[in-house]
Structure formats: structure tokens, C-alpha cells
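Position 208 of the sequence shown, counted from 1, bears residue number 208 in UniProt numbering, the numbering being contiguous throughout.
Written below as C-alpha cells is the structure these notes are about.
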Amino acid sequence: MTTLTAPAAELYRAWQTLRAEKPRLRVRDAAHHLTVSEAELTASRLGVDAVRLRTDWAELLPALGELGQIMALTRNEHCVHERKGPYRDVTVSANGQMGLVVSPDIDLRLFLGGWASAFAISEETAHGTQRSIQVFDRQGTAVHKVFLTEQSELSAWDPLVRSFTAAQQSAALDLTPLEAKDAPLADGDIDVAALREGWAALKDTHHFFALLKKHKVQRTQALRLAGREWAEPLAVTELPRLLEAAGAKQLPIMIFVGNAHCIQIHTGTVENLKWMDDWFNVLDPLFNLHLKTPGVVELWRVSKPSSDGVVTSWEAFDANGELVLQVFGARKPGVPELQGWRELAESFPAL
1 MTTLTAPAAE
11 LYRAWQTLRA
21 EKPRLRVRDA
31 AHHLTVSEAE
41 LTASRLGVDA
51 VRLRTDWAEL
61 LPALGELGQI
71 MALTRNEHCV
81 HERKGPYRDV
91 TVSANGQMGL
101 VVSPDIDLRL
111 FLGGWASAFA
121 ISEETAHGTQ
131 RSIQVFDRQG
141 TAVHKVFLTE
151 QSELSAWDPL
161 VRSFTAAQQS
171 AALDLTPLEA
181 KDAPLADGDI
191 DVAALREGWA
201 ALKDTHHFFA
211 LLKKHKVQRT
221 QALRLAGREW
231 AEPLAVTELP
241 RLLEAAGAKQ
251 LPIMIFVGNA
261 HCIQIHTGTV
271 ENLKWMDDWF
281 NVLDPLFNLH
291 LKTPGVVELW
301 RVSKPSSDGV
311 VTSWEAFDAN
321 GELVLQVFGA
331 RKPGVPELQG
341 WRELAESFPA
351 L
């Protein structure tokens, strides 16, 4: 039984009016226009084309494998990462807080402690029915979405939705405001020598976050203080040029895009690169990237030592110091980074 409160029903009607005026408006932008979260807008669809799902991630995530080839979508404010493939090789930690999907196609790091609600949506579009599973956090922001493709196992959709339908089909969402971040320490209050010493002693790039936490330093602040040996600023206009050069050389790279609760990774080459207004896009058969370039206000070339040698990345940040995107050379643990990637990454002049 779907229970829509009067405000939810009213919100749905307001959205349909807006859609009639602006049929091309995306759900995320419609929510912004109506001053609600995307999760609230999605919940207003219950009983129309949406079903609320049980949030048992340890069961739901592996079950997505039954859908065959899907398109996984993860985004932040300025970048959208879309990758096609089967959703397989899923593990969820015993405490349910972390998850991994590690396959050649769908490659995800999941911070499940922030995942709050999920919906199955079957929406009629100009191109037919679009089916998706959409996950939102406690602020009502979309964390991760999974869309069926023409190659998906359509026969698995209805059984999956039935199996995970929540007992209470309620539009009520227990949303909480984002906690205010601690004010960053001033540069003068950071032990820069100790930070540089800790950086030089890194054995695994995954330990970098712990290093930042230990020294109570913001990420872009750490890059600024690390010294040119480890981090150099680049002109933000160089980022599309790096991707174009990697595409021209058919150099396999890794592109990480994430938000607070999900990171999605593409490993491989990029080929069909296109500008559309101020969006820079990768439009390949299995991988699409949409980067709103004005959102990138800082770009850094970063070197981190590891037990496999130095690992080089390009890291793009927005005006709030949030990571928009990272690019690495394709590599696996235990293997040094590609010489071709390092040469390309270092060939662009620092500011």
C-alpha cells in the first residue's frame, strides 16, 4: 500500500507542471528548481512509476548481477561517470559499512554507511521504458544509480523489484542536514615538516587519506604544502588536453569520479572525445564521462610513493576543495605505473 502525504502528492503535481514547461529538464535540476532534494522528488512518484526498496545492501547489490549488462552511474556536482557492464564480484563488509564491486567493467568503492534510501523506477520516455535502481543519502542526494540497457536481462527486473519491495511504500524520508565541516587549520598551525615526512614514507596510495586526517590538513592544502617534489599546480585548461593526448596515444588510464558515498572507476582507453558547450565528454560504447569544466578551479599533478614505486595522478578540485575527478595510469597493485603514463602526465608544464 502506497501512502503519499498531501505534500508529496502536491510536489508530484508541481513537478509534472514543470515538466510540461521544460520537458528536457533532468530530475536533479527539477528538484533544485522546486527547492527539494532529488530523493523527495523521487519518493513523490511512489504508486506512479516508482517502488521503494528495502535497504539491505548486502542482499540487493549482489542481486543486481541478475540484470546482466547494466549502466552504472555515479556523479558529483561537476562530473558524471557512466560505465556499462555486468554488476558482479560484489563484497560487503561484515559491519555493512563498506562495499566493493571489483570487475573489469563495473569497479566501485561503496561507503554504505551514508546510503539511506533506494527506489526502483520504470519511467516512460520518448525512447521507451527506462528502468533504474536509484540510491540516495541522508541529505536526499543521489549517491549511485543503475540503469538497464538494451542488453540487460529484462526478465530479471520484475522478480528483483518484487523481492526487494519495502513493506512500507511511504514517501516519508528521514533526511538530516549535512554536518558542518570543521574550519580548516591555518597553514601556520600545520607541522609541514612532519606532513612531508609522512608523505615521503607512504607505502600505499590508499593510506593518503589517513595521512591527511593525522595532520588535520585539507586535501588541497596538503598539495599546496607538500612541496613541488610531490605536488605541482597545473592550468585547469590542461585536463581535457591530457585526456585528448591519452586518447590519441591509446594509453590505458584510470578515471575516478565520486561523491561522499561512492567512487566509480573506469580502466581502459578513451576514444570519442567531444566538447558540448562547456562540457567535455567521453562518449565511448562502454564508458561515458561528462565534465562541466567551469566547475574545476584547481588542477594538480600529484606524486605519491608506494611499495610499487611512485604513483602519479592528476587531481581536479572544485571551489569548495572537493575532488571532482582523478586520472591515473592503468595499473594493478604490485605493478609499477606505466612509463608512458608518467611521461605524458609529466609533459605538461606546471604553473
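Note that CB positions come from ideal geometry on N, CA and C, so glycine has one too.
ask   = What three-state label does DSSP hand Ala31 in the structure shown?
value = helix
Sub-7 Å separation of Ala118 and Leu239 beta-carbons = no
request  = Give a yes or no on contact between the segment 104 to 120 and the segment 317 to 337, applying the rule of three or more CB pairs nearer than 8 Å.
outcome  = no
ask   = Which whole-angstrom value describes the C-beta separation of Ala245 and Leu344, a residue pair presumed to lie in contact below a C-beta threshold of 8 Å?
value = 6 Å
ask   = Excluding five sequence neighbours on each side, which residues of the same chain lie with their C-beta closer than 8 Å to the C-beta of Val27?
value = Glu38, Leu41 and Thr42
query = Measuring CA to CA, which of Gly247, Ala126, Leu18 and His144 is closest to Ala260?
reply = His144
ask   = If you pair each beta-carbon of the segment 216 to 224 with each one of the segment 175 to 195, do three or more pairs fall below 8 Å?
value = yes
inquiry  = Could you check whether the Cβ of Gln16 sits closer than 6 Å to any heavy atom belonging to the ligand MN?
reply    = With respect to the ligand MN, the structure offers nothing, as it holds no ligand at all.
key: Best match in Trp115, Glu150 and Leu160 for proximity to Arg138 [C-alpha to C-alpha]   = Trp115
request  = Compare the C-alpha of Ala126 against each of Glu82, Ser313, Arg24 and Leu46 and name the closest.
outcome  = Arg24
ask   = Would the beta-carbon of His78 fall within 7 Å of that of Gly295?
value = yes
inquiry  = By the three-class DSSP mapping on this structure, what secondary structure does Trp300 have?
reply    = strand
message = Do Trp300 and Ala231 count as a contact pair if the criterion is CB distance below 7 Å?
response = yes
task = Indicate the three-state DSSP secondary structure (helix, strand or coil) for Gly340 in the structure shown.
result = helix
request  = Could you pull the start and end residues of the alpha helix (DSSP H) that Ala194 belongs to?
outcome  = Val192 to Ala200
message = Using 8 Å as the cut-off, can you tell me whether the segment 189 to 201 makes contact with the segment 48 to 63, which would need three or more C-beta pairs spanning the two stretches below that distance?
response = no
task = Please specify which runs of the beta strand (DSSP E), each continuous and at least 3 residues long, are wholly inside the segment 137 to 181, giving them in chain order.
result = 142 to 152
request  = Reducing DSSP to helix, strand and coil, say where Gln97 ends up.
outcome  = coil
Burial state of Gly140 (16 or more Cβ within 10 Å) = buried
ask   = Using the beta-carbon count (16 or more within 10 Å), is Phe209 buried or exposed?
value = exposed
request  = List the whole-angstrom C-beta distance separating Leu73 from Glu82, where the pair is believed to meet the contact cut-off of C-beta under 8 Å.
outcome  = 5 Å
ask   = Helix, strand or coil: which one does DSSP assign to Trp57?
value = helix
7 Å Cβ cutoff met for Leu148 and Arg131 = yes
key: Through-space distance from Leu154 to Val311, alpha-carbon basis   = 42 Å
ask   = Which partner residues of Asn281 appear in the DSSP bridge assignment?
value = Lys274 and His290
query = How many whole angstroms separate the CB atoms of Gly247 and Thr269, which I take to be in contact at a CB cut-off of 8 Å?
reply = 7 Å
ask   = Taking Ala156 as the reference, which of Gly188, Trp314 and Ala63 has the closest Cα?
value = Ala63
inquiry  = Between Gly85 and Leu251, how many whole angstroms is the CB-CB distance? I'm expecting something under 8 Å.
reply    = In fact, because the Cβ distance is near 21 Å, the residues do not count as touching under 8 Å.
message = Rounded to the nearest angstrom, what separates Val297 and Gly227 at their Cα positions?
response = 20 Å
key: Reference Val80; option with closest CA among Met71, Tyr87 and Arg13   = Met71
request  = Inspect the beta-carbon positions of Ala142 and Arg52 and report whether they are closer than 7 Å.
outcome  = no
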